Each structure stands twice: as structure tokens, then as C-alpha cells.
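Novice:
Chains as they are written, first to last, in my numbering: chain A, 20 to 245; chain G, 31 to 451.
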């Protein structure tokens, strides 16, 4: 006969670890865009297809983690961060994976080719966008430290700095996007019109990964502002 | 009168059996809540927790359990109103023990949240008001006790909040939390030793026959605090740290130091719990023994005999050894999100409140006090996620337990009365 203990009942599972797990999975998914585009530029479409499947699977896994987290976050919880914010962050995080999957699906499905004029920019651009996702992951990884310090003081400052860095990386990605768009604009008349439209679209969606990653940082900043 | 004399052995025998059964129940179930935070924060292995609980629950019961025992024994029902029918109090106290014991068993089996303290107080008020008469119950005192059930979680929460904010300021939010922890944790250990020693010296020991002037108490408490702090300092020195661990989570080594503090806080908690909860089991026993042995004279003055306190302490240890160790493991493993720094703030907040209540003679619920303390740390944004549905459970346990204890004890009271006369 063990009496139900109010003390044990009190300690609910913190959403911090699941949130970090989710972000880790999301970043793994985004990161795969790098080998993916490498294969695309090499026109190795078998490899492209393999990597697309990998991205797709990672996205599905991230989705599962997202659902798991939401289910275990009833509104009777008392947390150092508002529940809505946590749910918000996980939604934004998840969109990184969604976008990565979408862009990979588009490139794979159409067997897209990148003209040499923009190919050289493309590698750097994709890497930069992945960096924003990496930085967002680092910031989310500080959440357990933030809980440990009770969202106060030095740790908060260091996280704010990390968010500043995230903004800088995203700005770099923006600049690269402009350059690629300009390079593409110069040669667009020589391309098949539909191919050109889709190239613009792929460029935008890769940039979207960086935009959303930046938003993850912005949402976390709202937790600090209380 | 004759009833008491002719049945003295059987009455005392029943009281002792019921009392030991209650004490067993406290050791089996309630101790786990007091030790849960220490095991859950991994500052203690569950075996260490059982050993600490066995020693210090007993010490708390014997050294500082006298005041609450007095309240249960003669603070709730006005013994002077009984006049020439002292046997009524004997029946009532036996009925209360039996009622509380049975109610706790039933509730535990059904998985309802109940408090030992509330059961026994409800039972005593019940037989007093119905069996003897409304005027027999000292409603003023009962009011104070009921108030303390609200204020004790609040006070514990406030202390825990303040403690946690102080370690945030002094240790966690600094350039080198690890070095600061090494520096300040011994002071906190001193504080733990000092508070426990002070309350025990001031309020507890007079039941063991020791009474010292205030200045001398102060001196002894300081000395005890210093001894405890230096033991703690040595323990911290002997810890092994691994800088690599801080890569993954920056505060791993700092928390190790808090682990030492948590050991002392766990001791304080076991002591405090013993000092308050033992009365639930042996307060009524002391009342019965007091009346029966003086052959009907209701002794208003006499102190609680030490052997009864020892009996209660031994009963708790018995419950702990036979069954409680399992419950401690269950409760401890259910608490996963607590680090030693938070565990310390919450447990010391609760232990301080409980030991003060023990000194003042107020029977309170250790579990509810601890819940208040944990919420206090939560309010300081210190804990990942807390289920505040627990507060509802606490109110529910008040509403359910008090009447249940009362009704059962009224029933047993009239049964005993009919049986013996």
C-alpha cells in the first residue's frame, strides 16, 4: 500500500528537454540540405533522391517529437515560462524542418539543375542558412541553464548575445540571397522560363530556413523579457 | 474511576498497540514525503535516506516531539471539563487512534490524498464535540491549528523563495558559481545546524528535563552550527570534480556542492518531521497513560513521559524498515526534475517551518508544508514544471479527511463507552 504522494504528483515533466530534442532533430534535418545541394550541383540524382528521403524521414521524426511535447504539456502546469510560448517555439522550430523538406522535395521532384553562374554562390548560401539553424539550436540548448539560474542575470545576457549573433548570421544569409538573385537575374533570359521561376523559388525557400531559425531566437527572447 | 483501575492494563495495552500502529503508518508512508526531495535530487541514495530517516526521525521525536504531543494530548479537548468522568477521555483517545489508523488504511488503499495530522485532529475534535460536548473542545486552539494549516505552507513557501533567491544572488548568478558555491555553502550548512539546534534547545529539551537560559542556548546552537559547518566543509573538500561535465550543463559541479548541503537539509527534514508527526501517534497514548496511571486524576501539569516519545520514535523506525523504504524509493524516483540547489531551498524552507511549528506545539502537515515550499521555489522561476493540480488535492484532503476522522472516532467512542461500562 503506497499512499499517493502529493510531492511526486507535483513534479511534472519539464518541457525543456523535449524542446531541445525536437530542435536537435530539426537541425539534423536542415543540416542535410548541405550534402543534398552538393549532390544536386554534381548532378548525382541517385544521391539526391537518397538524401531527400533522409530529409523527409527526419522531418517525420521531428513531427512525432512535436506531438509528443504538445501532449505532455497540459495547461495545469506551473512553469517559469508561459506554456503558450513553449508551444509557440516548438511550432516555429518545426517549420524549419518543414521548409527543408519542402525545398528538397521540389528540387528532387523536378530534378532541378543549377546553372554554373549561380552554383558557386549556392554552396555558401546553403551553408549560411544552415548556420542560422545551428545557432538557433545552440540558443535552445541554453534553456536548461536558463531554468537553472531562474531566468536572471549573467546567463540571460549571454543568451541575448547569442541571439544577436543569430541575427547577424541571418543578415549574412540575406546578403547572399541578394547576390544569388542578382546573378540569376542576369542569366534568366537564357533559361527555360519555368526553370527560372523554380530557381527563384528554391532560393527563397532556402532563405526561409534562415528566416524561421531567426524567429526561433526571437521567440526565446520573449521568454527573457519577462 | 473503578473502570479505569480494573481495566488499567488492557486500556494502556490498547493505547500502546494503537499508537505503535499509527507510528508504524507514519514511518511506512509519511516519512517518504519528507525524504522524497532528497532522494529525488539525487543528493542521497535511497539507502542513505533510510538510514538518515531512521536516526533523525527518532531523534526528532524524542528531543523535540514533546510540545506537539502536549497539544494533541490535552490542547484540543479541555480535560478540566471532564470532572469525574475521566474515562470518557480515555475512550475518546483510543477511538481517535483507531479511527485515524483505519481511515488512513482505507484512504491509502483507495489512493486518496490524506494527511495523518488531519485525520487525528479531526478524530479528536469529533469525539470531543459529539461524545463529550461542544464546550469540551477548545475551539480557540482548534482555530489556531486550522490556521496553521494554511499559514505553514505559505511560510514554508516564503522561506524557500527567499533561500532560493539568496543562492541565486550569491552563487548561481556570478562569474564563477562553482567557487562561490564552495565559499558560501558552508554558511548555509551552519544555518541548518543552528536553526535545528536552537529550536530544539529552546522548546524541545524541557521535556527531557533540560532547561537553559537563552544566552546559553544561543551559544550551544552556534557551537553545534559551527561543528556541522566544518563537517560539511570537509565533505566538500573531499568531493571530486570533473570540469568536463560542465560542458554539457554548465552547473554540474556547482550542484555537486549543493548535494552536500542537501544531505544536511535532509537530516533537518527528518528531524523536523519526527518532531511534529510523532505526536499524531503518541499524543493520544500519552493522554491515556496519564489518566489511567494516575487512576483517574486528569493530570494537567505532568509532562509527557520520555518512554512514550521513544515508543513513537521506535514505531516510526519500525514502519520505515519494514515498509517505508519501498515508499521512499517510489516517491524519490517520481521526482526527476529537482536539482540539489532547488531541493535544498524547498526542503530547508519546509524543515524550518515544521520545526518551528513543533516548538510552538502546532500539529501541521509536513507534506503540505513541503508542497508550499516547492511552489515557493517555483515562483522564483526555479523549477521546470510544476503540477499545480496538487493544490486542489490538498484542499480535497482537508474537506474529506477531517469529517471522515471525526465520524469514525465518534462511532468508536460510543462503541468503547458501551463496551466498558
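Where is the CB? At the ideal position from N, CA and C, for every residue including glycine.
All of these numbers come straight from a predicted model, not from anything done at the bench.
Whose C-alpha, out of G/48, G/37, G/38 and G/34, is nearest the C-alpha of residue 315 of chain G?
Specialist: G/48
Novice: Anything in chain A within Cβ reach of residue 62 of chain G, meaning under 7 Å, just list it in chain order.
Specialist: Chain-ordered, the chain A residues with CB closer than 7 Å to the CB of residue 62 of chain G read 24.
Novice: Between the region 200-232 of chain G and chain A, which residues of the former have CB atoms less than 8 Å from a CB of the latter, in chain order?
Specialist: 202, 203, 204 and 205
Novice: Which one or two residues does DSSP pair with residue 96 of chain A in a beta bridge?
Specialist: Residue pairing of residue 96 of chain A in beta bridges, as defined by DSSP: G/417.
Novice: Check this for me: beta carbons of residue 146 of chain G and residue 206 of chain G, under 8 Å apart or not?
Specialist: no
Novice: CA-CA distance, residue 232 of chain G and residue 396 of chain G?
Specialist: 21 Å
Novice: Does DSSP classify residue 107 of chain G as helix, strand or coil?
Specialist: strand
Novice: Which word fits residue 401 of chain G, buried or exposed, when buried means at least 16 other C-beta atoms lie within 10 angstroms of its C-beta?
Specialist: buried
Novice: Quick check on residue 369 of chain G: buried or exposed, where buried means 16 or more other Cβ atoms within 10 Å of its Cβ?
Specialist: buried
Novice: So, for residue 442 of chain G: in the same chain, excluding its five sequence neighbours on each side, which residues have a beta-carbon less than 6 Å away from its beta-carbon?
Specialist: 125, 128 and 129
Novice: Interface residues of chain G around residue 95 of chain A at Cβ under 7 Å?
Specialist: 417, 418 and 419
Novice: Answer yes or no: does any C-beta atom of chain G fall closer than 8 Å to that of residue 244 of chain A?
Specialist: no
Novice: So that I know if they touch, is there some Cβ in chain G lying closer than 8 Å to that of residue 168 of chain A?
Specialist: yes
Novice: Enumerated in chain order, which unbroken segments of the alpha helix (DSSP H) with a length of 4 residues or greater are wholly contained in the region 385-437 of chain G?
Specialist: 396-409
Novice: Let's see if you can read the secondary structure: which residues bound the alpha helix (DSSP H) around residue 217 of chain G?
Specialist: 207-229
Novice: Along the alpha helix (DSSP H) that carries residue 164 of chain G, what are the first and last residues, could you check?
Specialist: No alpha helix (DSSP H) contains residue 164 of chain G, which DSSP labels as neither H nor E.
Novice: So for residue 288 of chain G, helix, strand or coil by DSSP?
Specialist: helix
Novice: Could you give the C-beta distance for residue 203 of chain A and residue 218 of chain A, rounded to a whole number, given that I count them as a contact under 8 Å?
Specialist: About 6 Å; that satisfies the 8 Å criterion.
Novice: So which residues on chain A does residue 87 of chain G lean against when the C-beta distance must stay under 9 Å?
Specialist: What residue 87 of chain G touches in chain A: nothing, since even the nearest Cβ is about 17 Å away.
Novice: Would you call the CB atoms of residue 299 of chain G and residue 381 of chain G closer than 8 Å?
Specialist: yes
Novice: Residue 239 of chain A to residue 159 of chain A, Cα distance in whole Å?
Specialist: The straight-line gap from Cα to Cα measures roughly 8 Å.
Novice: Compute the Euclidean distance between the alpha carbons of residue 228 of chain G and residue 392 of chain G, then round it to the nearest angstrom.
Specialist: 17 Å
Novice: Could you check if residue 152 of chain A is buried or exposed, using at least 16 other CB atoms within 10 Å of its CB as the buried criterion?
Specialist: buried
Novice: Under 8 Å by Cβ, that's how I've got residue 227 of chain A and residue 118 of chain A pegged, so tell me the actual separation to the nearest angstrom.
Specialist: Confirmed, Cβ separation roughly 5 Å.
Novice: Determine the extent of the alpha helix (DSSP H) in which residue 194 of chain A is found, giving its start and end residues.
Specialist: 173-206
Novice: Please compile the residues from chain A whose C-beta is within a distance smaller than 9 Å of the C-beta of residue 497 of chain G.
Specialist: This structure gives no information on residue 497 of chain G, because the portion of chain G shown stretches from 31 to 451.
Novice: For my contact list, residue 35 of chain A and residue 144 of chain A are in at a C-beta cut-off of 8 Å; report their separation, rounded to the angstrom.
Specialist: Between residue 144 of chain A and residue 35 of chain A the Cβ distance is about 32 Å, and since that is not below 8 Å, they are no contact.
Novice: Could you tell me the alpha carbon to alpha carbon distance between residue 253 of chain G and residue 40 of chain A, rounded to whole angstroms?
Specialist: 50 Å
Novice: For residue 307 of chain G and residue 390 of chain G, what's the separation of their Cα atoms in angstroms?
Specialist: Going by the C-alpha atoms only, they are around 14 Å apart.
Novice: By alpha-carbon positions, which one of A/176, A/149, A/27 and A/140 ends up nearest to residue 198 of chain A?
Specialist: A/140
Novice: Between A/164, A/96 and A/150, which has its C-alpha nearest residue 279 of chain G's C-alpha?
Specialist: Taking residue 279 of chain G as reference, the option from A/164, A/96 and A/150 with the minimal CA-CA separation is A/164.
Novice: Mind checking if residue 74 of chain G is an interface residue toward chain A, Cβ cutoff 8 Å exclusive?
Specialist: no
Novice: Can you tell me the Cα-Cα spacing of residue 131 of chain G and residue 56 of chain G, whole angstroms?
Specialist: A direct Cα-to-Cα measurement between residue 131 of chain G and residue 56 of chain G gives close to 10 Å.
Novice: Could you check what DSSP says for residue 271 of chain G in three-state terms: helix, strand or coil?
Specialist: Secondary structure at residue 271 of chain G: coil, using DSSP grouped into helix, strand and coil.
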